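Below is one structure, written out as structure tokens, with a few remarks after it.
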């Protein structure tokens, strides 16, 4: 007999088109339920056959989100963490690749005792087991089903969810359909027909939505609301309007204005534990939408072009980390995207960087755009423009310093030039065998790692917390890399003024450089980590808070950061 769990589920499915905002809606629903006093988690179902997102191109699927426990996940989990202010483990991302691999592995091991392995029950049971594992110990779990209701690859997941409902009872489930109401320019009228089709497609799986969230460019009017109400056989107050908004962080407020929390709890036969207090959240959203001042930041990347369109989702967490820092400082951040290769073909364009208050070099892999990024780093270093380098950004900042300050002509990373005379950046020792065996998926240095900070450095100061009695000397940030600063060159680099202000001590007692900075520069900081993954609204990452403050050139903002230093450190 299957063990019955107490968790109740809110299932969020999409209709009409992908990219309609299911992740933001799911994160907002999770936030609302949490604010009503319920211990809530979120689960993302990705129906693709990839095992995880680790080997997907950023221009194909957006940013690869890294979890605390080293998962390489769909970027929607980042949305969940930012809304919920919690770490969500990799088991909360379920893919078709994981499910099918597990079933095949079990069949090969003889676990099915010679039975014919079938779609039902073996695939669907594996999905149910994974949902239960992710939801274990929580009052409520929000499940987002990727793609749209009509996608063939979603069939096993929707069947499994319906089977779980039969097992637990209908009072354990609420279904939310997030749909899109287009307004074709040639007729200038909001159309409901695609939504009607989405309701019908979901119904083919035995699922009728309890709520329909209507995304559109404009607010939903009464005529369209009544049309949807009639087709879906739902009360009018279950048709929720979700027009375009200036900030995704406004979405929980938009839904709560329509009593989404109370309605969901009523559907699940639950009563509110306590009334939510949105005061602090509302204030920060106001700062985002109506900042007192603004700064301009250029992000010099490589994963931007996707056919005729730009794919800025490749760096979505950096954008949010800047938003979080700005919200605390009441400063808006205007972001400009620059393809690094433009500086390789047109080096005279480097002077354009002078018009920005700050520059970011994000993470990446491979040779394309590298020389353009290095030229940009040299420019910001020599022109005193605030700079932050992330992951590959730290490595390239080290290479630039080695070439142009230490005189190491031809210094490079062995990732790009295996025969460089100065291998300033080299592959991590444990990674060499993996690369030789072509083992790429899930094999990098992944997840949260400890870094020891050096006192009397900018990075050390940024991570301090006035509420903590003792100094913060150890921090944990998330990582995703195979290469590191070559320890053989550290002393030479430091002798010329580069400061490695944080390091990780490995089991063999050697040190991996985690942070660097340049004393005397307005703000020149880089990290081997991805601190953007731990930034939250109301709890910005210290490095980004310091960077935005330096960009603002406002003394009172710099003082604010010094008085309210970071919050993501562990002593």
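Numbering (our numbering), first residue to last: 76 to 646. Cβ atoms here follow ideal geometry from the backbone N, Cα and C, with glycine treated the same way. Computed from a predicted model, the values in this text were never measured in an experiment.
For residue j and residue i, the rounded distance between their alpha carbons
i: residue 210; j: residue 536; result: 39 Å
i: residue 384; j: residue 391; result: A caution first: residue 384 carries a pLDDT of 45, below 50, which makes its placement in the model too unreliable to give a value.
i: residue 163; j: residue 377; result: 28 Å
i: residue 440; j: residue 490; result: 8 Å
i: residue 205; j: residue 245; result: 20 Å
i: residue 364; j: residue 509; result: 47 Å
i: residue 382; j: residue 445; result: Because the pLDDT at residue 382 is just 49, under 50, the model does not fix this residue reliably, and the value given afterwards should be weighed accordingly. Computed Cα separation, rounded: 21 Å.
i: residue 589; j: residue 500; result: 13 Å
i: residue 354; j: residue 95; result: 28 Å
i: residue 224; j: residue 286; result: 15 Å
i: residue 348; j: residue 97; result: 26 Å
i: residue 80; j: residue 239; result: 10 Å
i: residue 595; j: residue 133; result: 36 Å
i: residue 168; j: residue 86; result: 14 Å
i: residue 146; j: residue 264; result: 44 Å
i: residue 647; j: residue 479; result: With the chain covering only 76 through 646, there is no way to say anything about residue 647.
i: residue 369; j: residue 402; result: 11 Å
i: residue 233; j: residue 130; result: 26 Å
i: residue 166; j: residue 208; result: 8 Å
i: residue 125; j: residue 470; result: 29 Å
i: residue 640; j: residue 618; result: Confidence in residue 640 is poor, its pLDDT being 49 and thus under 50, which makes the residue's placement too unreliable to answer from.
Sub-8 Å separation of residue i and residue j beta-carbons
i: residue 274; j: residue 307; result: yes
i: residue 93; j: residue 158; result: no
i: residue 324; j: residue 612; result: yes
i: residue 305; j: residue 333; result: no
i: residue 187; j: residue 181; result: yes
i: residue 604; j: residue 569; result: no
i: residue 277; j: residue 252; result: yes
i: residue 465; j: residue 607; result: yes
i: residue 431; j: residue 371; result: yes
i: residue 468; j: residue 107; result: no
i: residue 547; j: residue 540; result: yes
i: residue 113; j: residue 226; result: no
Assumed close pair residue i, residue j - CB separation to whole angstroms, cut-off 8 Å
i: residue 137; j: residue 388; result: 4 Å
i: residue 413; j: residue 393; result: Incorrect: roughly 13 Å between the Cβ atoms, too far for contact.
i: residue 598; j: residue 625; result: 4 Å
i: residue 463; j: residue 565; result: The Cβ separation is near 21 Å, so there is no contact.
i: residue 428; j: residue 451; result: 6 Å
i: residue 259; j: residue 269; result: With 8 Å as the limit, residue 259 and residue 269 do not qualify as a contact, their Cβ atoms being about 11 Å apart.
i: residue 247; j: residue 83; result: 5 Å
Helix, strand or coil at residue i according to DSSP, with G and I counted as helix
i: residue 455; result: helix
i: residue 440; result: coil
i: residue 481; result: coil
i: residue 327; result: helix
i: residue 353; result: coil
i: residue 73; result: With the chain represented from 76 up to 646, any question about residue 73 goes unanswered, as that position is not in the structure.
i: residue 308; result: coil
i: residue 491; result: coil
i: residue 110; result: helix
i: residue 498; result: strand
i: residue 125; result: coil
i: residue 574; result: strand
i: residue 633; result: With a pLDDT of 49 at residue 633, under the threshold of 50, the modelled position of that residue is not reliable, and no figure is offered here.
i: residue 334; result: coil
i: residue 613; result: coil
i: residue 584; result: coil
i: residue 400; result: helix
i: residue 641; result: Low local confidence applies: a pLDDT of 44 at residue 641 is under 50, so the model's placement there is unreliable, and no value is given.
i: residue 383; result: Only weak support exists for where residue 383 lies, its pLDDT of 44 falling under 50; the value from the coordinates is given anyway. Residue 383 falls in the coil class under three-state DSSP.
i: residue 590; result: strand
i: residue 622; result: helix
Check: residue i C-beta below 7 Å from any heavy atom of the ligand ADP
i: residue 560; result: Looking for the ligand ADP in the displayed structure turns up nothing, as the structure carries no ligands at all.
Original post:
Just checking, does the region 190-197 make contact with the region 133-151 on the three C-beta pairs under 8 Å criterion?
Top reply: no
**OP:** Check whether the region 105-124 touches the region 216-223, counting contact only when three or more Cβ pairs, one atom from each stretch, lie closer than 8 Å.
**Re:** yes
Original post:
Do three or more CB pairs link the region 314-330 to the region 350-370 at distances below 8 Å?
Top reply: yes
**OP:** Indicate whether the contact test is met: 3 or more Cβ pairs, each with one atom in the region 557-568 and one in the region 411-428, closer than 8 Å.
**Re:** no
**OP:** Specify whether the region 518-527 and the region 493-500 touch according to this definition: at least 3 beta carbon pairs, one from each stretch, less than 8 Å apart.
**Re:** no
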